[in-house]
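Structure, as C-alpha cells:
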Amino acid sequence: MHAYLITGRTKEDRINYIINKQAELKASRFDAITLAPTEETIGIANVRDFQGQLLLSPYNSPKKIGIIKDAHTMTVEAQNALLKTLEEPPPRTVLFLECSTNDTLLPTIVSRCQLINLGVTTDNSDKNTLLLCFETIEQACALPVGKRLAIVDEIAKTREDAKQWVELAIFSVRNHMLRRYGFTEKTGTLPSDLHNSQFMIHDSRLLRSLLTAQAQLSANVTPKLVLDTVFLSLSNTHITTQSHSVL
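The opening position of the sequence shown corresponds to residue 25 in the numbering used here, with each subsequent residue numbered one higher.
Set out below in C-alpha cells:
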C-alpha cells in the first residue's frame, strides 16, 4: 500500500503519527511535500501542483513523502484529480492523507487508501491511556521475570486487547524518543552524538521489538507468546522517563 488515510484523535496526534512514519521511512524534510488548505479548501490547482512535485525523484532519501493535511477540505474536483496519483503513485512515493473523519471524502479516495484510525480522544483520557501504557513498560523493566509475565496475562486476554496495547506502546515509545533525543519535524534528524548512546540503542531495540510484535499479531501468532517475548527482552536500561514526558 502506497497511500494511508490517518483519522481519529486530535490533529496534533495525526501529524505526530505521520512524523513518526516519515522517520521510519528515513525520508528527510527535503523529500516531504505537504499540501494544506490555502484558505478554506484545497482546490484542483493545488492538487495538480502537489502531483507535479511528487513526480520529482527523492533528493537524498530512499522514499518521497506526500502529506495532505485536512484532506477533508479537498473539493470534489480536487479529489477526482488526486485519484490518478492514488491509482498509479510515482515510484518510491508514500502518501499520507490526514483528516478528523473520512465521511466527507469520496468513496473512491477512501477505498484506495489504507485506513489508520488512531481512535477517539475524550478530554484527557487518551493521554492517560498512553501514559499508563508507557508506565507499564517502565515498571516492567525493573520487575523479575515472573511478575513481567503476570502483566502479559492481563494485557493479552484477547488478540484485539494485545493489538491495541502494542499499538499504544509503539505510539507512546516513539513520542518518548522524539522528545528525549531531540528528533523534531524541523530538523528531521537526531543529534549525531546520540546515535550510539546506550539509551538510544536500548530504546531503539524496544521499538523494533514492539514493531515485530505488531507484525506477528497481524500474522495470527499467539498473543501471549508474542508479548511474553517483548516483556522478557526488557532491561532496566530501556527507558527512564525522569523529566521526559511521553505526551
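C-beta atoms are modelled at their ideal positions from N, C-alpha and C, and glycine is treated no differently. None of these values were measured; they are calculated from a predicted model.
- In chain order, Ala56 and Ile89 place their CB closer than 7 angstroms to the CB of Gln46, counting only its own chain and leaving out the 5 sequence neighbours on each side.
- With fewer than 16 other beta carbons inside 10 angstroms of its own, Tyr83 counts as exposed.
- Comparing C-alpha distances from Phe74 to each of Leu119, Ser52 and Thr34 shows the shortest one belongs to Leu119.
- Per DSSP, reduced to three states, the secondary structure at Leu167 is coil, with no helix or strand assignment.
- Residues Val254 and Ser257 of the same chain have their beta carbon placed closer than 7 angstroms to that of Ser233, with the five preceding and five following residues left out of the count.
- For Lys88, the secondary structure class from DSSP, reduced to helix, strand or coil, is strand.
- Beta-carbon to beta-carbon, Gly67 and Ala27 are separated by about 20 angstroms, too far to satisfy the 8 angstroms threshold.
- In the structure shown, the three-state DSSP call for Val118 is strand.
- Counting the other CB atoms within 10 Å of its CB gives Ala60 a total below 16, which places it among the exposed residues.
- Closest in C-alpha terms to Asn141, from the list Val169, Arg172, Leu202 and Ile39, comes Ile39.
- With contacts defined by Cβ atoms closer than 9 angstroms, Ile92 and Met98 form a contacting pair.
- For the pair Thr62 and His96, the CB atoms are not nearer than the 9 angstroms cut-off.
- Within the same chain, Cβ atoms closer than 6 angstroms to the Cβ of Leu231 are found at Val197, the five residues on either side in sequence being excluded.
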